[in-house]
Structure formats: C-alpha cells, structure tokens
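Protein chains in written order, with the working numbering: chain A, 4 to 372; chain B, 14 to 320; chain C, 5 to 389.
Where is the CB? At the ideal position from N, CA and C, for every residue including glycine.
Remarks on the structure that follows.
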Amino acid sequence: MNQKKSKKPMIITLVLVAAIYIGVFIAEQTMPATSMLFTVLKKGATYALVAVSMNLLNGFTGIFSLGQAGFMLVGAYVYGIFTIPVAQRAAVYQYFDGGVIQFTVPVIIAMIFAGLAAAFFAFLIGLPVLRLKSDYLAIATLGFAEIIRAIFQWNGLGPVTNGSNMLRSFPSFNDFNIVGADGKVAVYLSTLIPFIMSGVCILLIVLLINSSYGRALKAIRDDEVAAEAMGINLAHHKRLAFCVSSFFAGVGGAMLAMYQTTVQAKSFTSAMTYEILLIVVIGGIGSVTGSVLSSFLFVACSEWWLRFLDEQQMIGDFQVPLLRNGFRLVVFSVIIMIVVLFFRRGIMGDKELPDLLSRRSKSKGRAVK
Amino acid sequence: MWDTIFPYLLSGVSVGGQYALIAIGYTMVYGILRLINFAHGDVFMVAGIIMVYIAASGLPLWLCIPLVLLITVAVGFLIERVAYKPLRSAPRMSVMISAIGVSYTLQNLVLYITGGLNKQYPKIPWISETVAIGAAKTKMVTIVTPFLVIALVVALVLLINKTKIGMAMRAVSKDFETSQLMGIKINNVISTTFIIGSFLAGVGSILFFTNYPTVIQTSGAMPGLKAFVAAVFGGIGSIPGAVIGAFIIGIMENIIKGLDVILFKLGVIEAPLGLATFSDAFSFALLIIILVVKPTGLFGEKVTDKV
Amino acid sequence: MKKLIALLLAAIMLVPVFAMADDLPVLKIGVYEPASGDSGAGGKQETLGVQYANAKMPTVEIGGTTYKVELVMADNGSSTDKAPSAAQKLVSENVSVVLGSYGSGVSIAGSDYFKDAGIPAIGLTCTNPQVTAGNSHYFRVCFLDPFQGTVLANYAYKELGATTVYCLGELGNDYDQGLITYFKQAFEALGGTAIVDSFPNNTADFTSYLSNAQGYNADVFFCPVSLAYSTQIIQQASAQGMEIAILGGDTLDSNVVVDAAKGTTVKVICTTFYQEGANAEFDEGFKAWLNENPDMMTNNGGNDMISAVSVMGYDGYVTALAALQAAGSIKGADVMAALPAVEVDSVSGHIKFDGNGDAIRTSAFVKTVNNETGAWEFVAEQKVD
C-alpha cells in the first residue's frame with residue numbers, strides 16, 4: 004500500500020503564516036500606532052522565539068535547563084553595547100567616560116554577535132554542567148544565570164557594560180519605520196520587523212528539529228541509555244542542543260532589548276525564566292506551534308486583556324470588591340495552575356499545526372469515499 | 014584579626030541557622046518525592062506575612078506564635094494535596110513546573126493582599142533584645158538560632174530513626190514503589206514530610222524576620238534558593254548534611270561581604286575591590302563546584318545507575 | 005394633536021443639551037508611578053500628592069472650554085521590565101501629559117515610549133540627570149543628583165565632621181549608584197575618603213555591611229536606598245548598637261523611615277524637597293484630606309505625616325495644568341511645546357525650567373529624625389549659588 008505523505012497540510016500552514024504576516028502589516032498601517040495590540044504583537048514575537056528555543060532544549064532534548072534569562076541577558080547586552088551610536092556613548096556611559104567601545108555595527112550583525120556571545124557562554128557553562136542529572140542541571144543552570152547577572156552588574160566591568168546603569172539609545176523597533184520627508188511616519192514597519200526576525204529564527208529551529216540531528220535529540224530525550232547504545236554521541240549532541248538553544252535565546256534577548264528600548268541586568272532574573280517555562284508548558288512541551296501560540300496568549304492576557312482587573316470598577320454606585328492593583332496577577336496565576344494541573348499536555352500536546360490539518364483532511368477524504 | 018572576622022562569623026551563624034531550617038524541608042521532600050519544592054521558600058514568606066497580620070489584629074504574642082505555626086503547617090499540607098498529589102504519576106518536569114506555579118501564585122497573592130507595601134514584623138520580646146558578645150553587638154536571636162536548630166535536628170533525627178513513621182519515611186525514600194507494595198500508606202508519609210518541613214520553615218521564619226524585620230512578597234525567594242543550594246551542597250536526602258551545608262553557606266556569604274574589609278585590614282589590598290557584589294553569586298559558584306567535583310554533595314550517598 | 009407631538013419632539017431634543025451640560029469633556033493625565041515592589045511605598049505617597057491636587061482642582065479651563073481632569077494610573081512595579089507595558093498603557097489611553105515616576109530607573113525605561121507617542125512627561129522626584137539629558141520631552145520639577153550629592157557631601161564633611169564615609173547602594177539601581185558617584189566626587193574633592201559598596205537585589209541581611217562600615221572606621225553610613233532596604237538598615241543598625249549617623253537622599257524621606265528609627269538611638273539624616281511647616285495651608289489641607297479618606301491614609305503608611313514626594317506630586321499636577329492652559333489644547337504635542345516656558349509658584353517653591361527641561365532649584369532641605377517623638381526635625385536649608 005503506497006502511503007504518500009500529503010503535502011497539503013504543509014501548504015495550508017504556509018499560506019496561513021503568510022496571511023498572518025500580511026495581516027500584521029496592514030493592521031499597522033491602518034490602526035492607531037499607540038494601540039495595545041502592537042505591544043502585544045511585538046513582545047509576543049520576542050517571547051515566541053525564546054520559548055521555542057527553550058522548547059528545543061527542554062522539550063526536544065529533555066535537558067531541563069533554567070538558565071534562559073542569563074543567555075537573554077548576554078544577548079541583550081551584546082546587542083546594546085555594539086549598537087549605541089557613538090555620539091550618544093558619552094551620555095549613556097556617563098560615569099565611565101564614554102566607555103571602552105567606540106564603534107557600532109549594523110543591527111543584523113549585532114544580533115548575530117548577541118547570539119554568538121550567548122552560545123559561547125553556553126559552551127563554557129555546558130562543559131561542567133551537561134553531565135549532571137536533570138534536577139541538578141536545573142539548579143546549576145539557574146546558579147549560572149545568577150552568576151552572569153552579578154558579573155554584568157559589577158562596577159569593575161563598567162566601561163563595557165555600564166555597571167548598574169541602563170544601556171539605552173540603541174536602535175529599537177520603532178527605528179525601522181520609514182519616515183517621510185515631512186517627519187511623519189510613511190510606512191509602519193515596527194511590528195513586521197520583529198515578526199520577520201522571529202519567523203526566520205523559528206524556521207531555522209524547525210529545520211534543525213526535522214533533520215537527522217533533531218531525531219538524535221528526540222532519541223536522547225526518550226531514553227538516554229538506549230540512544231547511546233545506538234551510537235549517538237551524547238555529549239556532542241547535548242552540547243549542540245544547548246549552544247543552539249542559547250544562540251536563539253541570545254537573539255531573543257537582543258529583540259527584547261529592542262522592544263524595551265533600555266537594558267538593565269537587574270530585570271533578567273530567574274522570574275523571567277519561570278515565565279518562559281510556563282509559556283512552554285502551556286503551549287505543550289515538544290510543540291513549536293504550541294509555544295508560539297501560547298506566548299502570544301500569555302503576553303496578551305498579562306499585558307492587555309486582564310488589565311481591567313487591576314482597576315477599581317464601579318457598577319453604578321456599587322464598587323466591585325476584590326478588584327484592585329495586583330488582582331490581575333492573582334487571576335493569572337490561578338489560570339496557570341489550572342492549566343498545569345488539568346491540561347498537562349498543554350494546548351497542542353506535542354503536535355504541530357500541519358499535524359492538526361492533516362488529520363482533518365484524512366478524515367474528510369474517508370468520508371467522501 | 015579575630016576581632017575583624019568575628020562580627021561576620023556571628024552574622025553567618027545566625028543566617029545559616031535560619032537557612033538550615035528551610036533546607037531541611039527541601040531535603041526531606043526531595044528525599045521522598047525526588048521533587049524540588051520551589052514553593053517552600055514562599056511558604057516561609059507566607060508564615061512571616063501571616064504573623065504580621067495576626068499580630069496586628071491584637072492577639073497576644075504567646076497565642077500568635079503557635080497559631081502561625083499551625084497555619085503554616087496547614088498551608089504546606091494544602092499545597093501538597095492540591096498541587097503535587099494529582100501529578101504524582103506524571104513526569105518529573107510536570108511536578109517541578111507545578112511547584113514553580115505554586116510559588117508564583119503565593120507571591121502574587123501576598124502582593125495583592127499587602128498592596129505592595131512592606132510590612133514590619135512584630136517585635137517578639139526577649140529574642141529581639143540586643144546583647145553584646147565580645148566586641149560585637151547583636152540580637153539575642155543570633156545566639157538562640159544555632160541551639161534551637163541543633164535541638165530541632167536532634168529531635169528530627171530521633172523521629173526518623175526511632176519511630177514507626179520515621180521508618181516508613183526512610184523506606185519510602187529508599188524505594189518508592191516497593192514501600193507501597195509493603196503496605197506503607199504513602200499519602201500519610203508524604204503529608205507528614207510536608208508537615209514537618211512546613212513547621213520547620215515556620216520556626217525559621219520567626220527567627221529570620223526577628224533578625225531582619227521587613228517582610229515583602231519576595232522575602233522568601235533568595236533564602237529559599239540559598240537553602241536549596243545548601244541542601245544540595247550538604248548532600249540531598251541527608252538532614253545533617255543540609256544543616257551543615259546551610260551553616261557553611263551562611264558563613265561564607267557573610268565572609269565574602271566582609272572580604273574587602275578583612276583584606277584591607279590585613280594590608281593585602283590598598284583599596285576595596287567591590288567583592289561584596291559577588292556574595293550571592295559565590296553561593297552558586299560553590300554549588301556548581303561541588304556538583305562537578307562530588308555530585309552527591311558532601312554527605313550524600315553514592316547512587317548507581319542501573320541499565 | 006400634531007402640535008402636542010411637535011412639542012414633545014422639541015422637548016426630547018432639548019434633553020441632550022441638559023445632559024451635555026452635566027458631562028464635561030475629559031482630558032487625561034497619566035500617573036506613571038510604582039505601586040508595588042521596592043519603591044511601592046514611595047510611589048504610593050507620590051501618587052497621593054497628585055490625587056489630592058486632582059481633588060482640589062478637578063477641572064481646568066483651556067481655551068474657553070472647561071475640561072474635567074481624569075487621572076489614569078499605571079503601575080510600573082519599580083522594575084525596568086514592567087515599565088514599558090505601564091508606559092504603553094498610558095500611551096494607548098491618549099493621555100495629554102504624564103506625571104512620574106518615583107525612581108529614575110523606571111522613568112528612563114519608559115521615556116522612549118512617551119517620546120515616540122509625542123507625549124511630554126514631567127518627572128516629580130526622579131533626580132538622576134539621565135532622565136532629562138539628551139531629550140526634549142521629559143521635564144523635571146525637582147533638583148538633580150549632582151546638586152544633591154554636593155549638598156550631602158558638604159553636610160557630611162562640614163557639619164558631621166566626617167573624614168571617611170561608607171557608601172552602600174543597591175546593585176543594578178541607577179539612582180543609588182548615580183547619587184553615590186556624585187557624593188563621592190564631591191566628598192573626595194573636599195578631602196575625605198569615600199568607600200563604595202553594593203548589595204544585590206532583595207538583600208535582607210545588612211549586618212555584614214554594617215560591620216564593614218565599622219571595620220573601615222567610617223564616620224558616616226551613606227545609604228541612599230529604597231524604602232524596603234533603608235528600614236532594614238536602620239533596624240539592624242539599632243540591633244548592632246551602631247553609633248555613626250545614617251545619611252541618605254530623598255528616598256529616605258518617609259514616615260516609614262521615621263517609624264523604623266523611633267525609639268532607637270540611630271541618627272538618621274536626609275536631604276529632601278520639602279519640610280513640613282513651610283506651607284501651612286497645604287499642610288492643613290493635605291492632612292485633612294488624608295484623615296477624611298482612610299484608603300489614602302493607608303497608602304501614606306497609616307499616619308498623616310507629609311512626605312516630600314507628595315508635595316512634588318501636587319506641584320507636578322499644578323505645573324501640568326499650567327502647561328495645558330498655556331498650550332490651549334489637550335494634545336500632547338502642544339503641551340510639550342508649551343512646557344519650556346511655564347512658570348508657576350507652588351508649594352515647594354518657584355518652578356521654572358532651564359534649557360534641559362530641569363526646574364531651576366537652588367536649595368534643598370536637610371532634616372533628621374527625632375527618635376523620641378517619632379517625627380522629622382528641620383536641620384537646615386542648604387542653598388547653592
């Protein structure tokens with residue numbers, strides 16, 4: 004029986020993705036630029052990339068690492084350090100006489116540097132840490148993230164990292180808008196650009212997952228001992244997964260810097276890693292589509308849709324009880340607990356979007372016959 | 014030389030003892046369930062907040078303290094039943110994620126209730142008094158802590174070695190499935206573990222917040238993490254190991270904070286190097302070194318990997 | 005019959021006119037302050053000043069139309085990663101001007117969002133120069149850290165007779181590190197020695213840092229840190245029997261600090277923007293308002309001691325209204341163009357902006373805690389030519 008894998012679901016997925024990109028572009032030209040929708044889209048795209056990179060490590064290779072925030076920090080700082088315009092450096096590095104680095108590189112190259120720097124740190128950290136058991140690996144990577152944070156905040160490195168002070172004035176997403184001759188924005192690109200950056204990186208990760216390397220990683224996740232017996236070099240593959248994941252976490256960090264317009268080491272805490280982990284779990288460990296979907300949902304809920312819970316609402320003269328500052332986060336935490344306890348497999352389990360579509364078209368075919 | 018180092022040792026012993034009480038909770042839960050209870054540090058913080066609110070309501074202190082311990086134990090018990098029990102058959106990552114979720118929920122709940130304002134811990138008489146030891150002055154709680162910790166640990170070790178429930182706990186931590194087959198009521202054992210752990214965290218919170226009286230929702234995060242590092246450092250699953258690990262971490266952390274002064278006074282350096290910034294990072298570095306050199310910690314047992 | 009229907013229709017058409025007479029058009033002012041986190045207490049007190057001003061002046065007349073002023077709150081959580089979304093929220097609500105923030109770090113973090121949207125921001129108590137340096141949309145009604153650092157250094161050297169000062173700041177906090185840098189520059193120029201140390205975020209145990217100060221034989225302990233930490237430091241200093249004075253900047257000006265120092269022998273001194281008693285009318289009115297509203301009293305720390313940041317909040321609101329009137333419109337861009345020329349006389353003094361958008365301030369108040377009565381005591385008004 005000849006079973007050809009139907010190309011249809013793949014094509015439908017690609018068409019959907021293209022439609023989303025076009026939709027985003029059109030929305031940005033038509034809707035007011037200050038709408039919360041674009042904040043959610045930009046941050047969602049950034050977190051999507053970081054979530055997919057974490058999924059590569061935790062979901063596809065089975066390495067439970069909690070060091071994501073550290074690599075994002077490295078990426079964000081490297082990007083900032085190399086792209087602050089030379090004219091602004093004296094103002095930004097005001098306590099360190101303008102800083103040591105006095106040149107800039109184009110944005111794309113700075114992002115690649117960011118990824119490479121993060122991957123380099125990952126390589127160094129991986130040497131001692133990757134042979135530990137899963138729980139110890141989690142704590143060791145968490146510890147390394149804290150050590151990286153302490154190093155970047157150290158005043159001794161101030162001429163490079165600006166110590167405790169923020170890095171700012173580097174190019175952000177809004178700088179990609181094409182400004183007309185009258186000073187007003189002619190074409191809005193500030194949301195499309197993060198989508199493109201994220202999309203390209205996620206595409207690369209998906210290609211890796213579907214290659215022979217990806218299959219080896221999945222084998223390691225399922226049973227390490229058996230994989231080794233089958234001839235897979237454990238150390239080599241684990242290191243590869245760790246470095247690739249950290250490369251994209253670094254790029255994600257650079258994108259986060261562009262979104263926030265300022266970078267400060269203090270904000271890259273383990274709490275950020277936990278947020279990414281929760282996004283991955285809600286989306287489904289082992290599903291790239293799930294991570295992407297759930298990162299947008301997560302950002303939308305926490306930044307936009309649930310914001311009304313923080314304000315005191317009045318129905319007529321009656322003040323609704325419980326609604327005040329902080330309630331949004333409580334509701335949010337409860338929702339997360341419900342998902343973790345009752346929907347353990349997450350939104351997508353370990354399926355991808357083409358899988359969902361292919362099952363539907365298969366059953367349609369049978370009904371026709 | 015001694016006079017210079019002594020205040021740091023004192024601080025270290027005080028905070029180390031408080032870490033030890035939290036670390037015991039981590040190590041016991043890990044020994045039985047192989048679970049890093051990320052929410053344990055936040056249970057510690059919740060105990061502090063509950064004391065603030067109960068004391069503010071006007072009850073006399075001798076009534077507040079047992080009430081707080083009771084409520085903390087109930088919180089720990091509830092967390093286990095609601096968030097960990099349903100996931101007992103799930104892969105390890107799920108339970109750890111549930112623990113992270115509980116930690117997140119507790120912190121946000123406390124943030125909401127306190128409105129983000131810092132709360133001041135009530136002054137407990139006698140242990141808050143200032144005493145002089147040698148040339149250094151400190152609170153009475155600094156002296157009380159190590160003795161209290163040792164007393165509690167001795168009681169705990171007796172419980173584990175001499176009582177029936179203790180024997181059950183040892184059996185479960187050796188082999189989860191076989192103990193169930195042998196007729197041990199797993200739920201009781203696990204609940205007892207959480208109750209003991211939460212009780213110790215409650216006592217630890219009373220000592221900790223008497224020393225450092227401001228309570229906010231993130232008060233439990235760093236002590237919890239450091240206590241866990243201490244437990245791993247000392248050998249996870251070993252109670253004396255966790256206590257010794259905690260004291261070592263507490264002392265080393267404070268020596269690092271004072272390292273600039275010590276070196277300056279010894280004439281080794283001319284100007285301060287700003288080494289105090291690495292006090293937190295140092296604890297983690299110590300952990301990583303131990304994990305690489307001796308993965309089972311100082312007093313841990315050797316684990317064989319059966320294929 | 006037709007006449008009746010015509011009359012009824014006419015009557016119905018008049019109703020909206022009456023309805024509109026009650027509903028004034030609304031203009032929004034954004035309040036960009038922390039309500040949680042390390043600076044939550046201070047942010048809440050600053051917001052109180054703005055809210056009191058709004059209660060006293062709820063409407064403003066611009067170009068012939070009377071507008072109702074609505075405050076839009078956004079909590080930036082005292083951290084630079086929550087700041088962007090708080091800033092974005094204000095931008096999406098189309099506020100005309102933003103007031104805030106308490107905390108130079110979060111002010112800088114949200115700055116670009118306001119700039120891109122063309123909305124001016126008025127800093128109330130953020131003293132780090134980087135908030136207004138190099139941009140034309142952020143203004144400031146308080147003094148700057150180079151000024152504050154010099155005042156503190158002069159006070160420590162001349163009045164307290166200190167030759168060695170131990171400076172402690174939070175790692176990763178621009179305000180702490182910035183003020184310490186300026187203090188150190190000024191103090192060493194006078195001939196003293198300043199030793200700088202940092203503690204990591206979320207530290208509760210300051211006993212070793214206090215031991216450090218004693219080890220260096222410091223005469224003064226300078227800790228311009230957030231309220232969450234300063235209360236810890238004071239309580240632990242008392243427990244350790246520390247005899248040297250604790251010196252701080254405007255972040256130490258709060259009744260929370262007074263409560264921590266009350267009943268101890270620890271000497272606490274700080275520089276600030278306002279001293280209770282300088283403007284009796286404002287003091288009375290604000291205290292009465294606090295006492296009438298228990299929620300506001302809780303936000304003020306439970307008593308009616310006036311914090312200087314509340315005064316600056318009030319003055320910021322007054323300045324914003326003056327700018328709106330001068331601009332003649334509620335559009336952000338127009339207000340931004342009108343702000344540089346605005347001059348008002350308000351509770352904290354005369355407010356006039358210089359070329360950089362900073363208010364020209366020539367004096368700071370120095371005050372100390374009276375440990376017995378549990379209140380602030382005025383020490384001096386330091387002027388600079």
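Query - Distance between beta carbons of Gly-54 (chain B) and Leu-238 (chain B), contact taken as under 8 Å - result: Translated into the one-based positions of the second sequence, residue 238 (chain B) becomes position 225. Translated into the one-based positions of the second sequence, residue 54 (chain B) becomes position 41. At roughly 7 Å, the Cβ-Cβ gap stays under 8 Å, so Leu-238 (chain B) and Gly-54 (chain B) are in contact.
**Report entry** Where Lys-307 (chain B) sits in the DSSP three-state scheme
**Finding:** The residue you call residue 307 (chain B) lines up with position 294 of the second sequence. Coil.
Report task. Have a look at B:Leu-48, B:Thr-191, B:Ala-145 and B:Gly-280 and flag the residue whose alpha-carbon is nearest the alpha-carbon of Met-246 (chain C). Result -> Stepping through the third sequence from its first residue, residue 246 (chain C) is reached at position 242. With distances taken between Cα atoms, Met-246 (chain C) lies closest to B:Ala-145.
Query raised in the report: With contact counted as at least three CB pairs below 8 Å, one residue from each stretch, are the segment 150–170 of chain C and the segment 187–200 of chain C in contact?
Result: yes
Query - Straight-line Cα distance separating Ser-111 (chain B) from Gly-179 (chain B) - result: As a position in the second sequence, residue 179 (chain B) is number 166, starting the count at 1. As a position in the second sequence, residue 111 (chain B) is number 98, starting the count at 1. The straight-line gap from Cα to Cα measures roughly 27 Å.
Query - Test item: CB-CB of Ala-125 (chain C) and Tyr-142 (chain C) under 8 Å - result: Position 121 of the third sequence, counted from the start, is the residue given in the question as residue 125 (chain C). Position 138 of the third sequence, counted from the start, is the residue given in the question as residue 142 (chain C). Against a cut-off of 8 Å, the Cβ pair of Tyr-142 (chain C) and Ala-125 (chain C) comes out as a contact.
Query - Near-chain A residues of the segment 69–87 of chain C - C-beta to any C-beta below 7 Å - result: Asp-79, Ser-83, Thr-84 and Asp-85
Query - Cβ-Cβ distance between Leu-192 (chain A) and Tyr-80 (chain A) below 8 Å - result: Along the first sequence, one-based indexing puts residue 192 (chain A) at 189. Along the first sequence, one-based indexing puts residue 80 (chain A) at 77. Contact: no.
Query raised in the report: Can at least three beta-carbon pairs, one atom from the segment 173–180 of chain A and one from the segment 115–123 of chain A, be found at a separation below 8 Å?
Result: no
Requested in this report: Starting from Tyr-191 (chain A), follow the alpha helix (DSSP H) in both directions and report where the run begins and ends.
Outcome: Your numbering for residue 191 (chain A) matches position 188 in the first sequence. Looking at the DSSP string, Tyr-191 (chain A) is not in any alpha helix (DSSP H), and its letter there is neither H nor E.
Report task. Taking Ala-289 (chain B) and Ser-202 (chain C) to be in contact with their CB atoms under 8 Å, please state how far apart those CB atoms are, rounded to whole angstroms. Result -> Counting from 1 along the second sequence, the entry for residue 289 (chain B) is found at position 276. Counting from 1 along the third sequence, the entry for residue 202 (chain C) is found at position 198. Rounded, the Cβ-Cβ distance is 7 Å, consistent with contact.
Query raised in the report: If you drop the 5 nearest sequence neighbours on each side, which residues of the same chain put their C-beta closer than 8 Å to that of Leu-300 (chain B)?
Result: By 1-based counting over the second sequence, the position of residue 300 (chain B) is 287. Val-242, Val-245 and Phe-246, listed in sequence order.
Query - Cα-Cα separation between Ser-333 (chain C) and Ile-66 (chain C), rounded to whole angstroms - result: As a working mapping, residue 333 (chain C) is identified with position 329 in the third sequence. As a working mapping, residue 66 (chain C) is identified with position 62 in the third sequence. Looking at the two C-alpha atoms, the distance is approximately 7 Å.
Query raised in the report: Nearest to Phe-312 (chain B) by alpha carbon, out of B:Val-167, B:Gly-250, B:Asp-273 and B:Ile-282?
Result: As a first step, residue 312 (chain B) is located in the second sequence; it is residue number 299 there, counting from the start. When each option's Cα is compared against that of Phe-312 (chain B), the closest is B:Gly-250.
Query raised in the report: Helix, strand or coil for Glu-280 (chain C) per DSSP?
Result: Sequence index remark: in the third sequence, residue 280 (chain C) carries index 276 (1-based). Three-state DSSP puts Glu-280 (chain C) in coil, outside helix and strand.
Requested in this report: Have a look at A:Val-333, A:Gln-105, A:Ala-90 and A:Met-200 and flag the residue whose alpha-carbon is nearest the alpha-carbon of Val-115 (chain B).
Outcome: By one-based count along the second sequence, residue 115 (chain B) stands at place 102. Selected option, being the one with the closest Cα: A:Val-333.
Query - Host alpha helix (DSSP H) of Glu-142 (chain B) (start-end) - result: Numbered from its first residue, the second sequence carries residue 142 (chain B) at position 129. No alpha helix (DSSP H) holds Glu-142 (chain B); DSSP gives it neither H nor E.
Requested in this report: In the DSSP assignment, find the unbroken alpha helix (DSSP H) run with Tyr-43 (chain B) in it and report its ends.
Outcome: For the purposes of this step, residue 43 (chain B) is taken as the residue at position 30 of the second sequence. From DSSP, the alpha helix (DSSP H) with Tyr-43 (chain B) extends over 15–46.
Query raised in the report: Out of curiosity, what's the CA-to-CA distance linking Ile-273 (chain C) and Ala-331 (chain C)?
Result: Along the third sequence, read from residue 1 onward, the residue named residue 273 (chain C) stands at position 269. Along the third sequence, read from residue 1 onward, the residue named residue 331 (chain C) stands at position 327. So the two alpha carbons sit approximately 41 Å from each other.
Requested in this report: Give me the Cα-Cα distance between Ile-275 (chain B) and Lys-266 (chain C), rounded to the nearest whole angstrom.
Outcome: Locating residue 275 (chain B) in the second sequence gives position 262, where the first residue counts as 1. Locating residue 266 (chain C) in the third sequence gives position 262, where the first residue counts as 1. Those two C-alpha atoms are separated by around 33 Å.
Report task. Examine chain B for any beta-carbon lying closer than 8 Å to the beta-carbon of Tyr-1 (chain A), and answer yes or no. Result -> Any question about residue 1 (chain A) goes unanswered here, given that chain A covers just 4 to 372.
Query raised in the report: Relative to the C-alpha of Met-39 (chain A), which residue among A:Ala-121, A:Phe-299 and A:Tyr-277 is closest?
Result: What you label residue 39 (chain A) is simply residue 36 of the first sequence in a count that begins at 1. Considering only alpha carbons, the answer is A:Phe-299.
Report task. Give the range of the alpha helix (DSSP H) segment to which Glu-163 (chain C) is assigned. Result -> What you label residue 163 (chain C) is simply residue 159 of the third sequence in a count that begins at 1. From DSSP, Glu-163 (chain C) is part of no alpha helix (DSSP H); its letter is neither H nor E.
Query raised in the report: What residue ranges within the segment 55–98 of chain A form continuous alpha helix (DSSP H) runs of no fewer than 4 residues, ordered along the chain?
Result: 71–86 and 89–95
**Report entry** Cβ of Lys-150 (chain B) within 8 Å of any chain C Cβ
**Finding:** Counting from 1 along the second sequence, the entry for residue 150 (chain B) is found at position 137. Chain C contact via Cβ: present.
**Report entry** Own chain partners of Ala-48 (chain A) with C-beta closer than 6 Å, once the 5 adjacent residues on each side are dropped
**Finding:** Here residue 48 (chain A) is taken as the residue at index 45 of the first sequence, counted from 1. Excluding positions up to five away in sequence, the list reads Pro-197, Phe-198 and Ser-201.
Query - Run of the beta strand (DSSP E) containing Thr-151 (chain B), from where it starts to where it stops - result: As a position in the second sequence, residue 151 (chain B) is number 138, starting the count at 1. Element bounds for Thr-151 (chain B): 149–152.
Requested in this report: Just the chain A side, please: which residues come within less than 7 Å of Asp-293 (chain B) by C-beta, in chain order?
Outcome: If you number the second sequence from 1, residue 293 (chain B) lands on position 280. Correct list: Glu-149 and Ala-153.
Query raised in the report: Can Ala-268 (chain A) and Leu-76 (chain A) be called in contact, C-beta distance under 8 Å?
Result: Working through the first sequence from its first residue, we reach residue 268 (chain A) at position 265. Working through the first sequence from its first residue, we reach residue 76 (chain A) at position 73. Result yes, Cβ atoms of Ala-268 (chain A) and Leu-76 (chain A) sit closer than 8 Å.
Query - Uninterrupted beta strand (DSSP E) stretches inside the segment 161–225 of chain B (no shorter than 3 residues) - result: none
Query - Candidates A:Val-18, A:Ala-141, A:Ser-305 and A:Gln-71: closest to Leu-304 (chain B) by CA position - result: Working through the second sequence from its first residue, we reach residue 304 (chain B) at position 291. Closest option to Leu-304 (chain B), Cα to Cα, is A:Ala-141.
Report task. Output, in sequence order along the chain, the residues in the segment 213–229 of chain B whose CB is closer than 7 Å to any CB in chain C. Result -> Tyr-225, Pro-226, Thr-227 and Ile-229
Requested in this report: Counting only runs of 3+ residues fully inside the segment 197–269 of chain C, write out the beta strand (DSSP E) ranges in chain order.
Outcome: 197–203, 224–226 and 249–252
Query - Beta carbon proximity, Asn-205 (chain C) to chain A, threshold 8 Å - result: Here the question's residue 205 (chain C) lines up with position 201 in the third sequence. Asn-205 (chain C) counts as touching chain A.
Query - Proximity test, Cβ basis, 8 Å: Thr-206 (chain B) and chain A - result: Along the second sequence, read from residue 1 onward, the residue named residue 206 (chain B) stands at position 193. Thr-206 (chain B) does not count as touching chain A.
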